[in-house]
Amino acid sequence: MHVFLIAAISIDGQIAEATDQVSTAWTSKEDHKFFVQRTKQAGAMVFGSSTFRTFNRILPGRANIVYTRDVEQFRASTPLTVVEVTGDTTELQNTEVLYATSLEPKTLVAVLEKAGVNELAVCGGSSIYAQFVKAGVVQTLYLTLEPIAIGKGVPLFAESVQTRLTLNNVTHLSEQTLLLEYSTFFVTRENT
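Numbering (our numbering), first residue to last: 121 to 312.
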């Protein structure tokens with residue numbers, strides 16, 4: 121399974137001014153278009169409950185999975201139908217419900233692969249990005265570099281991650297907005 125991280129970042133590496141800010145409040149329409157196209161192409165996306173609350177709806181055309189510490193508490197906090205992804209999940213085809221899970225990233229990826237998912241988009245926030253990168257399951261990063269400086273805000277990663285990246289492609293989404301595509305090279309004790 122191909123797992124990729126997708127994020128819009130400011131020139132100073134922030135993904136938002138605050139955790140409750142929806143990214144479309146400051147990102148370009150070109151980034152939004154790329155995000156929709158790429159996540160629909162993947163067919164499945166995962167994001168944290170705080171990120172979900174910034175838009176608070178099911179994004180159409182792909183399986184929406186909320187990553188949460190407590191699925192039951194999350195289920196009680198939303199009026200949407202929530203289906204839990206567990207180790208026994210065998211399919212993930214309904215894009216009309218909201219999925220939720222507390223499985224570790226490696227376990228979640230294995231379960232989704234068995235359920236027939238070919239690609240998973242990791243869509244934030246910074247804690248989720250860090251957990252999935254640290255678990256070693258992310259192969260590609262799509263970072264839209266927006267021409268804005270936020271200063272103090274929400275960093276791409278909530279904690280230190282040890283990974284090296286290889287720049288594969290740079291695309292101009294507009295005259296001012298760049299899409300950077302990286303592949304990951306994880307730093308281990310053997311190659312440091």
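Beta carbons are placed, not taken as given, at the ideal position from N, Cα and C, and that holds for glycine. Given the structure is predicted, the values throughout are model-derived calculations rather than measurements.
If I'm right that Glu204 touches Thr215 with Cβ under 8 Å, what's the distance once you round it to whole angstroms?
-> Going by Cβ atoms, the distance from Glu204 to Thr215 rounds to 16 Å, so no, they are not a contact pair.
Stretch pair the stretch 130-139 + the stretch 207-214: three plus CB contacts closer than 8 Å | no
Taking C-alpha atoms, which residue in Thr260, Pro225, His152, Ser197 lies nearest to Ser247?
-> Pro225
Residues near Phe277 by beta carbon distance below 8 Å, same chain, minus five either side | Non-local beta-carbon contacts of Phe277 in its own chain, meaning distances under 8 Å to residues more than five positions away in sequence, involve Ser246, Tyr249, Ala250, Val253 in chain order.
Return no unless some Cβ of chain E is closer than 7 Å to the Cβ of Met165.
-> No chain E is present in this structure, which holds just one protein chain.
Using three-state DSSP, classify Pro275 as helix, strand or coil.
-> strand
Can you tell me whether DSSP reads Ile248 as helix, strand or coil?
-> helix
According to the Cβ coordinates, are Leu299 and Thr260 closer than 7 Å?
-> no
Per-residue burial, Asn184 [other beta carbons within 10 Å of its own, 16 or more giving buried] = buried
Find the nearest neighbour of Asp140 within the set Leu200, Pro180, Ser169, judged by alpha-carbon distance.
-> Ser169
Supposed close pair Thr291, Thr304 - CB separation, criterion 8 Å = Between Thr291 and Thr304, the beta carbon gap of about 19 Å keeps them out of contact (Cβ cut-off 8 Å).
To which residues does DSSP link Arg177 through a beta bridge?
-> BP columns for Arg177 are empty, so no partner.
Can you list, in chain order, the residues of its chain whose CB lies under 6 Å from that of Gln296, leaving out five sequence neighbours each side?
-> Within its own chain, the residues whose Cβ lies closer than 6 Å to the Cβ of Gln296, once the five positions on either side in sequence are excluded, are Pro267, listed in chain order.
According to the neighbour-count rule (16 or more other Cβ atoms, all chains shown, within 10 Å of its Cβ), is Ile131 buried or exposed?
-> Of the other Cβ atoms in all chains shown, fewer than 16 fall within 10 Å of the Cβ of Ile131; this residue is therefore exposed.
Going by the CB atoms, is the gap between Met121 and Glu233 shorter than 7 Å?
-> yes
C-alpha distance - Thr308 paired with Gly256, whole-angstrom precision | Unreliable placement is indicated for Thr308, whose pLDDT of 49 sits below 50; no coordinate value is reported for it.
Contact belief for Val231 with Leu240 at Cβ below 8 Å, rounded distance in angstroms | That belief does not hold up - the Cβ atoms of Val231 and Leu240 are roughly 11 Å apart, past 8 Å.
Does the distance from the CB of Ala162 to the CB of Thr147 come in under 7 Å?
-> no
Does the Cβ of Asp190 have 16 or more other Cβ atoms within 10 Å, making it buried, or fewer, making it exposed?
-> Answer is exposed; the Cβ neighbour count stays below 16.
Looking only at DSSP bridge pairs, what is Ile126 linked to?
-> Tyr262
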